[in-house]
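Scroll down for the structure; my scribbles are underneath it.
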Amino acid sequence: MSVKTGTLGGVVGEQPLSRHQLNIFRFDAKALVAGVILGVVMTIINAGILERVDTALTGGTWFPLAGGTHATLSVISGLFFRLPAGWITGETNALFAVITGSTPVSWAFLINNAIFPVIVVLVSRVLSMRKWYQYAVLLVPAILVGYAPMIPATYSVFHLTWGLAFQFQLLTDGAAFLIATVLSYLIAQAIARSRVAD
Numbered sequence: 009m010s011v012k013t014g015t016l017g018g019v020v021g022e023q024p025l026s027r028h029q030l031n032i033f034r035f036d037a038k039a040l041v042a043g044v045i046l047g048v049v050m051t052i053i054n055a056g057i058l059e060r061v062d063t064a065l066t067g068g069t070w071f072p073l074a075g076g077t078h079a080t081l082s083v084i085s086g087l088f089f090r091l092p093a094g095w096i097t098g099e100t101n102a103l104f105a106v107i108t109g110s111t112p113v114s115w116a117f118l119i120n121n122a123i124f125p126v127i128v129v130l131v132s133r134v135l136s137m138r139k140w141y142q143y144a145v146l147l148v149p150a151i152l153v154g155y156a157p158m159i160p161a162t163y164s165v166f167h168l169t170w171g172l173a174f175q176f177q178l179l180t181d182g183a184a185f186l187i188a189t190v191l192s193y194l195i196a197q198a199i200a201r202s203r204v205a206d
């Protein structure tokens, strides 16, 4: 499918980073396989290692390392491979986390990982994603809305006050935002240059 030129990210004539970026769905084999591969990578990194490290460091109340990796890989999957690949990536990790019990609140990942890629796909339709600050703009709603289900999960599992559950989530959100803004920009630019996602 050809991509129309137009106003993206406030710049007239700026082409989107991915030629599939104006689409919401992408059902070709490359996109679906990429969703699975990114899901396996996320699972190895997060459910296999970082969620356990975060749980050891914070008791599972917030996820500074796993949040950053999750947000980065979710942006890459949604940006280049759209839906349902973004769901496949996130839910692969969530299901493995639930099955293995990598953290006491892993069941909430199923909800987070269903919401997050939808926001990535919708926001990236109106931004070119060629500039670093556009990743920050995309990540603010993706993280704040996509990770919001963790607040009641943390509240109920750890029997915290709502205020404390909210504070712990803000710590995850801040770490995820900082890590993913940098990594997703760098990785996305490299993928675009390689044209491997076309």
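The opening position of the sequence shown corresponds to residue 9 in the working numbering, with each subsequent residue numbered one higher. Backbone N, C-alpha and C define an ideal beta-carbon position, used for all residues, glycine too.
Practice item. Just mark TYR143 as buried or exposed, buried being the case when its beta carbon has 16 or more other beta carbons within 10 Å. Key: Here residue 143 refers to the residue found at position 135 of the sequence shown. It counts as buried.
Practice item. Leaving aside the five residues before and after VAL219 along the sequence, list all residues of the same chain whose C-beta is less than 6 Å from its C-beta, in chain order. Key: As shown, the chain starts at 9 and ends at 206. That puts residue 219 outside it, with no answer to give.
Practice item. Check whether the Cβ of VAL61 sits closer than 7 Å to any heavy atom of the ligand HEM, and report yes or no. Key: Looking at this structure, you won't find the ligand HEM or any other ligand, since it has none at all.
Check your understanding: Taking LYS139 as the reference, which of PHE174, LEU172, THR189 has the closest Cα?
Key -> As a working mapping, residue 139 is identified with position 131 in the sequence shown. Ranking PHE174, LEU172, THR189 by Cα distance to LYS139 puts THR189 first.
Practice item. Decide if the stretch 171-189 is in contact with the stretch 63-80; the criterion is three or more beta carbon pairs, one per stretch, under 8 Å apart. Key: Note that the stretch 171-189 touches the stretch 63-80; at least 3 beta-carbon pairs, one per stretch, sit closer than 8 Å.
Practice item. With ASN101 as the anchor, note down where its alpha helix (DSSP H) starts and where it stops. Key: Indexing the sequence shown from 1 puts residue 101 at position 93. Under the DSSP assignment, ASN101 falls in the alpha helix (DSSP H) whose first and last residues are 72-108.
**Study point:** Buried versus exposed call for LEU65 [16 or more other C-beta atoms within 10 Å across all chains shown]
**Key:** Taking the sequence shown and counting its residues from 1, the one referred to as residue 65 is at position 57. The Cβ neighbour count for LEU65, taken over all protein chains shown within 10 Å, is under 16; the residue is labelled exposed.
Review point. Can you check whether the CB of VAL165 is closer than 8 Å to the CB of ALA150?
Key: Here residue 150 is taken as the residue at index 142 of the sequence shown, counted from 1. Here residue 165 is taken as the residue at index 157 of the sequence shown, counted from 1. For the 8 Å CB-CB criterion, ALA150 and VAL165 do not form a contact.
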